[in-house]
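Just so you know, the protein sequences line up as chains H and G, in that order.
Numbered according to our numbering, the first sequence spans residues 1132 to 1575.
Numbered according to our numbering, the second sequence spans residues 1052 to 1497.
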Amino acid sequence: MSTPVQMTPPQASKKPAPHAQKEDAMLLQKEMINRNYHELATAHENGRKVAATFVPGNLNELVMCFDFARSLPETNALQNGMRKKSGKMIMDAERDGHSEDVCTYVKADLGMMLGGEIGPTGEKLPTPDLLLLSYTGCFTFMKWFELIRQKYNCETVMLHTPYQGDGKITQSMRDYVVKQLKQTVIPTMERVSGVKFDIDRLRQYMKESAKAEDDLVRVLQSAKNRPSPIDGYFGAVYYIGPIFTAFRGTPEATQYYDVLRREIDQRVREKKGPITPEGEMAEEKYRLVVEGPPNWTSFREFWKMFYDEGAVVVTSTYAKVGGVYDFGFRHDPDHPLESLADYCLGCYTNMNFPQRIDMICRYMDEYEADGLLINSIKSCNSFSAGQLLMLREVEKRTGKPAAFIESDLVDPRYFSAANIKNRLESYFQMIKQKRSVAGVTAGH
Amino acid sequence: MRCFIGIDLGSTTTKAVVIDENQNVIGRGITNSRSNYDTAAKIAQQEALVNARFFLFRQALSSSGALNGALEDFLAQLERDFRLEQFLVQLSDLETTCQRNAEGSRFGDAGKAVSSALTEVLKRLRAEAPALFAPGAKRKSDFFRDIAGSRYLAIGEQVAKEAGMRYDMLVNVFDRSIIEVENRVYGDAISANLLAALDRTFLAMPETASRGDAVRAPIKSVLDTALEETYTVGTGYGRARLPFSKEHIRSEILCHGLGAHMMHAGTATVLDIGGQDTKAIQVDKHGIVESFQMNDRCAAGCGRYLGYIADEMNMGLHELGPLAMKATKTVRINSTCTVFAGAELRDRLSLGDKREDIMAGLHRAIILRAMSILARSGGIRNEFTFTGGVAKNEAAVKALKDLVRENYGELTLNINPESIYTGALGGATFAWRAVVEEGKTAEART
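This is the structure:
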C-alpha cells in the first residue's frame, strides 16, 4: 500500500475536467515529479543506472549516494490510476494470469510492463538495474519484486525490517538492520552502480532531509488550527509527494518544503480554509481523521464528497506511510546508518495495532477531530486486517463516532460512488446529530 | 392543521408518513418507486394524506357518536369505496390514454379493431371493478399497475380471441400507456372521490343512510380542514429529487434509527433489510445513531435476493416466506451471490431437494449476511428492532430469531407491523423536530 502523488488533474469523465485550483507548491511539485519521470526515461542513455524501490522504508538518501535514478512502482501505479490508465493495465495483468484479488498496484505495474513500460507521462520507463526491497512488512512487495526480477532478471537486494510486534524498536533490531546495510545493501549498490560509497555524501543528503522534514511536519500540523488551512489527506498526498519519493535529501525538496511552509503559514495567518480543486473550502463543518489510502481512480470525485459537505480531513495515517515524522523522528546526519534503520523500523505500516490505535487516538485529540473514517482497501489484505478492531477501539477510547467504507487503490471497478457517498453523508449527519445532542446536554 | 411529513424514497417502494403536532402518526402511504421518484414521492405523500383524512374521520365520527357501533365497518366500507372511485378514475384515464396510443398508423388496418377491443376490455374491467374492492376481496397488490395490469391482460386475451385479432397489439398499447397513467397524480380528485365514495357507502350500508347528515357533517368538516404540509424530510435513494433544500434531506441511516426508536423506545440495535441495502444501526436511548454498517459492493442478502429467487421459482415475492415455513429441514445455500444462489437453487431442485427446504435455506442465507453486518456494527444489543420489507417475511424472521438466539442469547426482538414505514417515520420526526424544536421553516431547493 501507499504513496504520494503528482498534481495532474484527474479526469472525472470524458468531459474536459474543469480547471482545478492549486497552490503554488502543488505546481512546483508537479514539475519535480514530471522531471523525475524524464530523468528516468533518459537515465540509460545518460549512462545512469536505475533503482526501483518502494515508498515505505525507502532509502532515498542512500540510493542517491550511488547516482541511481529512482523509480517507485507504487507511485507509477497511482499516477496511472489518477490518469485513468490503470483500468486497462489491471485487466491486462489479469489476462496474463493474475487473480482478481491481487493487490491492484501490482497488477497496474505488471500491466504497464506488458504494455511496453510506457509511464504515466507517456515516456518509456527504463528496465531497473537494481530492485531494492528495503521494507518487508508488506509481503506483497516481496512477491511484486520477485515477479519483476523474473521478467527482467535484474539484481535484487533485500533489507529485512523486523516488525515492531512489541511496539518498540530495540537496539538489537537497529543493529540487525545496520548490519544488513553494511554487509549486503551497500556492497550490492556499489557493485551494480560502480560508485564507491561515501558516508559524508550520505550525511549531506540527510541534512537536507531533516530540514525538509521539519517543514513538512509544520505543514501537516497546521491542520490543528481552526479552520484548518490544509486538507491532511486529499491535500496532503500532494505535500508528501517529493519527500516520500525520489526527492528526499535533495536541495530541491528542501526548497519545495520551504515554499510550501511559507504558503501554509500565510493561510494560517489569514485564517483561510484548505484549497480544493473547486477553490477554497467555504465552511469547515466536520474535522476528520482518516485511516487508509485514498482511492486514486476517482480521487477528485471522492474528495468532492468531503468538501461539498464541509468536511476537512485534519490528519491521516496515509500521509505518514513514507515516514512518521510528527512524533520527533528525523534523519540524523550524525548517525546516518542508524537513522536509516530507525526510519525503516518506524514506518507506519511496521507499527503494531496498539501503536496504530494510540497514534490515531492522539490525532483525534490533538487535531480536535469529530471522528475517524476508515477507507479500507479491498485488494490489500495486509493492512485491511484488523481495521475494524482499530475502529472499535478508537470509538471506545475517544467516544467519537467512526465509520468504515471500502474502495480500492487503482482498480476503477471497485469504486462505487453512490454507495460511498451515501455512507459518507450518513456519517456526517450522524456527527452533526451527536454534536447537537451533546450541545443540548451541555446546555442543561 | 400542521402536518409533518417524512418520505422514504426506496429502491422498490416509496413510503410517506404524516404526523401531527403531538407526534401522533395520522397517515401512512406507500407506492412503487417505478424509477420515477418525483411521482413516487408525490403519490406516497398523497396516499399518506388520504390516510390521514381517514384517521381524522375516525376521530371526528367517534367523538360525534354518529355511527355508534358501526364506525369501523362504515370506515372500512368508505375506504373500499374510495379505492374503487380512485380505481375507476384511473381506469378512465387508462382508456383515454390507450385509445390515444392506438391512434395513427401503428396498427395499420387493424387500428379500428384495436380501438373497439380496447373499449370492450375497459368496459369489462369497469364492470368487474366493484368486485375487486368488495369486502374480503383479496388483491395481490394495491398498486394500480398491478391490479389493472393483471386484469387487463387476462381480459384482453379473451377479447382478442373473441374478436379474432392479435393479442400482442393490446399488450403493446397497454405497455405504452400504463407508465403515463401511473405517473399522473390525481391530487385534485381526492375530495370529489371521497364524496362520491360516501354516496356509495350509504347505499351499501342503508342502515347508516338515515344518519346521513350526522355522518356527512363531521366528514365535510374534516375535508374542509386544510392539511398543511408544514415541513417535509426526505430520505432513501431518491432523496435528492425532493423539491427542498439540503436541510430537508436526511440519510436513511439516521431516519431508520430514529424511526425504530419512535416505534420501540427501548431499541438499541436496528436491522433494516430493504430492496438493495442491509443496514445495521446502533442507537442510543434518544434514537441517535452511534454507529452503522451497510452491505458494500454487493446486494446479495437484501430484498432483491428474494425477488430474484421468486422470479426463478416463478412465484410471487409474498409466497416465498409461507412456503419456507413448511420446511422440515434447511438446505445450505451460499449467501454471497444472488445469481449463484439462483443456480444453486436449480441444482438443488434437480437433486430432488424439496422446494420448501431450499426456501428455508435461502432465507437463512439472507440472515447470515445480515448477522455478519450486525457483527461489524458492534453486535446485537437489547432491544433489537427488525425493519424493512424483509421484516414482513415470516421465514426471514424465523431464521433471524434462531440465529440471534444461537449467537446472542435471548433478546427482545421488535417487529412492528408498520416496519416498512420506519424510515419515513424517522423523517417525519426529524421534520417535527426541525419546526417544533429548532424553529425552522421549509426551504425550497436552490
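Every residue, glycine too, gets a C-beta built ideally from N, C-alpha and C.
Residue i burial status per 10 Å Cβ neighbour count (16 or more: buried)
i: Leu-1520 of chain H; result: exposed
i: Val-1316 of chain H; result: buried
i: Arg-1322 of chain H; result: exposed
i: Leu-1402 of chain G; result: exposed
i: Cys-1302 of chain H; result: The residue you asked about is not Cys; residue 1302 of chain H is Gln in the sequence shown. So Gln-1302 of chain H counts as exposed.
i: Glu-1154 of chain G; result: exposed
i: Glu-1422 of chain H; result: buried
i: Leu-1254 of chain G; result: exposed
i: Lys-1238 of chain H; result: buried
i: Pro-1269 of chain G; result: buried
i: Asp-1539 of chain H; result: buried
i: Gln-1560 of chain H; result: buried
i: His-1315 of chain G; result: buried
i: Asn-1177 of chain H; result: exposed
i: Pro-1257 of chain G; result: exposed
i: Cys-1475 of chain H; result: buried
i: Ala-1375 of chain G; result: buried
i: Gly-1057 of chain G; result: buried
i: Glu-1154 of chain H; result: buried
i: Glu-1197 of chain H; result: Note on residue identity: the sequence assigns Phe, not Glu, to residue 1197 of chain H. The residue is buried, with at least 16 neighbouring Cβ atoms inside 10 Å.
i: Arg-1399 of chain G; result: buried
i: Arg-1420 of chain G; result: buried
i: Asp-1275 of chain G; result: exposed
i: Gly-1080 of chain G; result: buried
Three-state secondary structure (DSSP) of residue i
i: Asn-1481 of chain H; result: helix
i: Glu-1258 of chain G; result: helix
i: Asn-1356 of chain H; result: coil
i: Arg-1157 of chain G; result: coil
i: Glu-1280 of chain G; result: strand
i: Thr-1287 of chain H; result: strand
i: Asp-1275 of chain G; result: helix
i: Thr-1063 of chain G; result: coil
i: Met-1345 of chain G; result: strand
i: Ile-1300 of chain H; result: coil
i: Thr-1492 of chain G; result: coil
i: Phe-1197 of chain H; result: coil
i: Thr-1292 of chain H; result: coil
i: Cys-1492 of chain H; result: helix
i: Ile-1058 of chain G; result: strand
Cβ distance (whole Å) where residue i is taken to contact residue j below 8 Å
i: Thr-1463 of chain G; j: Ala-1311 of chain G; result: The Cβ separation is near 13 Å, so there is no contact.
i: Arg-1554 of chain H; j: Ala-1534 of chain H; result: 6 Å
i: Cys-1306 of chain G; j: Ile-1324 of chain G; result: So it is not a contact: roughly 15 Å between Cβ atoms.
i: Gly-1078 of chain G; j: Ala-1095 of chain G; result: Actually they do not touch by this definition, with Cβ atoms about 11 Å apart.
i: Pro-1257 of chain H; j: Leu-1171 of chain H; result: 6 Å
i: Gly-1477 of chain G; j: Met-1313 of chain G; result: 7 Å
i: Cys-1492 of chain H; j: Val-1525 of chain H; result: 6 Å
i: Thr-1446 of chain H; j: Tyr-1369 of chain H; result: Incorrect: roughly 15 Å between the Cβ atoms, too far for contact.
Cβ shell of residue i (< 7 Å), same chain only, five flanking positions each side left out
i: Ser-1113 of chain G; result: Leu-1122
i: Val-1273 of chain G; result: Arg-1104, Leu-1107, Phe-1108, Ala-1111
i: Thr-1271 of chain H; result: Cys-1234, Val-1237, Ser-1513
i: Arg-1290 of chain G; result: Leu-1060, Ile-1300
Close-in-space but distant-in-sequence residues of the same chain around residue i (CB under 8 Å, 5 per side omitted)
i: Val-1486 of chain G; result: Arg-1053, Phe-1055, Thr-1281, Tyr-1282, Thr-1492
Close-in-space but distant-in-sequence residues of the same chain around residue i (CB under 6 Å, 5 per side omitted)
i: Val-1210 of chain G; result: Ala-1168, Glu-1171, Val-1172
i: Met-1132 of chain H; result: The pLDDT assigned to Met-1132 of chain H is 45, lower than 50, so where the model puts this residue is not dependable; a value taken from the coordinates is nonetheless given after this. Pro-1424, Cys-1511, Phe-1514, listed in sequence order.
i: Cys-1269 of chain H; result: Ser-1513
i: Pro-1141 of chain H; result: At Pro-1141 of chain H the pLDDT is 40, less than 50, meaning the model places this residue with poor confidence and gives no usable figure here.
i: Thr-1480 of chain G; result: Leu-1309, Met-1313
4 or more residues per run - each alpha helix (DSSP H) lying fully within the region 1068–1129 of chain G: 1088–1115
In chain order, which continuous runs of the alpha helix (DSSP H) of length 4 or greater are located wholly inside the region 1143–1182 of chain H? 1155–1173
Every unbroken beta strand (DSSP E) inside the region 1287–1337 of chain G [3 residues or more]: 1320–1324, 1329–1334
Please go through the region 1370–1443 of chain G and give each complete alpha helix (DSSP H) segment of 4 or more residues, from N-terminal end onward. 1389–1401, 1406–1428
Alpha helix (DSSP H) runs wholly inside the region 1508–1540 of chain H, at least 4 long, in chain order: 1512–1515, 1518–1529
Complete runs of the alpha helix (DSSP H) confined to the region 1324–1402 of chain H [at least 4 residues]: 1330–1352, 1367–1370, 1372–1375, 1382–1400
Whole beta strand (DSSP E) runs in the region 1402–1487 of chain H with 3 or more residues, listed along the chain? 1417–1422, 1442–1447
Entirely enclosed beta strand (DSSP E) segments - the region 1212–1269 of chain H, minimum 3 residues: 1261–1264
Which whole runs of the alpha helix (DSSP H) in the region 1142–1226 of chain G are 4 residues long or more, in chain order? 1162–1183, 1195–1214
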